[in-house]
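In this note's numbering, the protein residues as written are 169 to 453.
Glycine is no exception: its CB is placed at the ideal position from the N, C-alpha and C atoms.
Accompanying notes for the structure given below.
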Ligand code: PAF
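Structure below.
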């Protein structure tokens, strides 16, 4: 098992990629904020299948956290992350510090509409996607990989990044990878460690109710009714719901009457105590 090379500066990252390109190698990027779990490892495995060389970036991006969010306490177990990335055979871990990514005098951010203004995460985290889009644009432009892999777990984020790459003509293929789950259905997330024992027991109710609602919609029940019943079950399990909504899977716009389940996505964010969980599933089979 070979430890990945850790690179901390953009210049050194670009020099490494230049050498790979000179040897004819293709390059994949997996952007992360660290605190890696099996879901991230599956992204790295997919990256390995898509390119000869794999870069994983580990950077807890301050600009995507709101003032009352968990930036300060976000887990940063870098040593354990490196062990996982060695096992997953990443070639390079790009681990810049904040002054490398946001040098003195930094003044440019990306302004967004389209899926970033769908009224889902953006409604509750108004500055989040501007921070995500700005850092992701930088992370893509620094090594200019052939392909970049993002989890479907953050479904609106993935739509925002696809739009960003399209609008800015970034020459990178954006690939979404399926959400990994615990055996009881809870979507893997670096924030699951915030759940106490009791909350952890109730947490899978979110995904279970979502699956139930998707099944009802597939069986012909009106979307609004299925969502209302699922929301009642989620609240009864102790969650405070931020949103639970069916949207067009491609545009994230509200569904039009008669739209087929295969074109729809059910998306949710709900809080158990101070921990906010997000999840999404396809409505069709
Ligand atoms: O999904 C994440 O972990 C982050 O939002 C990302 C894409 C690495 C940008 O900081």
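I think residue i touches residue j, with their Cβ atoms under 8 Å apart; what is that distance to the nearest whole Å?
i, j, result
"residue 199", "residue 304", "6 Å"
"residue 228", "residue 242", "5 Å"
"residue 218", "residue 188", "That belief does not hold up - the Cβ atoms of residue 218 and residue 188 are roughly 14 Å apart, past 8 Å."
"residue 300", "residue 174", "Wrong, their Cβ atoms sit about 24 Å apart, outside the cutoff."
"residue 453", "residue 436", "Their Cβ separation, rounded to whole angstroms, is 19 Å, which puts residue 453 and residue 436 out of contact at 8 Å."
"residue 252", "residue 204", "5 Å"
"residue 292", "residue 284", "In fact, because the Cβ distance is near 13 Å, the residues do not count as touching under 8 Å."
"residue 176", "residue 263", "6 Å"
"residue 247", "residue 321", "Going by Cβ atoms, the distance from residue 247 to residue 321 rounds to 24 Å, so no, they are not a contact pair."
Report the partner residues of residue i according to the DSSP bridge assignment.
i, result
"residue 443", "440"
"residue 432", "416"
"residue 173", "260"
"residue 409", "438"
"residue 315", "196, 341"
"residue 349", "355"
Reducing DSSP to helix, strand and coil, say where residue i ends up.
i, result
"residue 277", "coil"
"residue 448", "strand"
"residue 339", "coil"
"residue 356", "coil"
"residue 290", "helix"
"residue 421", "coil"
"residue 245", "coil"
"residue 200", "strand"
"residue 344", "strand"
"residue 222", "strand"
"residue 370", "helix"
"residue 320", "coil"
"residue 181", "helix"
"residue 234", "coil"
"residue 389", "coil"
"residue 297", "helix"
"residue 228", "coil"
"residue 191", "coil"
Within a Cβ cutoff of 7 Å, which residues of the same chain sit near residue i, ignoring the five residues on either side of it in sequence?
i, result
"residue 210", "345, 348"
"residue 140", "The requested residue 140 is not part of the displayed model; the chain covers only 169 to 453."
"residue 230", "239, 266"
"residue 406", "370, 440"
"residue 280", "297, 298, 301, 328"
"residue 359", "443"
"residue 294", "none"
"residue 277", "298, 302"
Under 6 Å Cβ to Cβ from residue i, same chain only, skipping five residues before and after it: list those, please.
i, result
"residue 354", "371, 372"
"residue 214", "317, 345"
"residue 282", "331"
Leaving aside the five residues before and after residue i along the sequence, list all residues of the same chain whose C-beta is less than 8 Å from its C-beta, in chain order.
i, result
"residue 255", "169, 209"
Do the stretch 368-375 and the stretch 335-343 make contact, defined as three or more Cβ pairs closer than 8 Å? no
Three Cβ pairs or more, each shorter than 8 Å: is that satisfied between the stretch 431-443 and the stretch 407-419? yes
Inspect the CB distances between the stretch 182-193 and the stretch 271-288 and report whether three or more fall short of 8 Å. no
With a threshold of 8 Å, are at least 3 pairs of Cβ atoms found where one atom belongs to the stretch 358-368 and the other to the stretch 376-385? no
Specify whether the stretch 398-406 and the stretch 310-329 touch according to this definition: at least 3 beta carbon pairs, one from each stretch, less than 8 Å apart. no
Counting Cβ pairs closer than 8 Å, one from the stretch 406-413 and one from the stretch 274-293, do we hit at least three? yes
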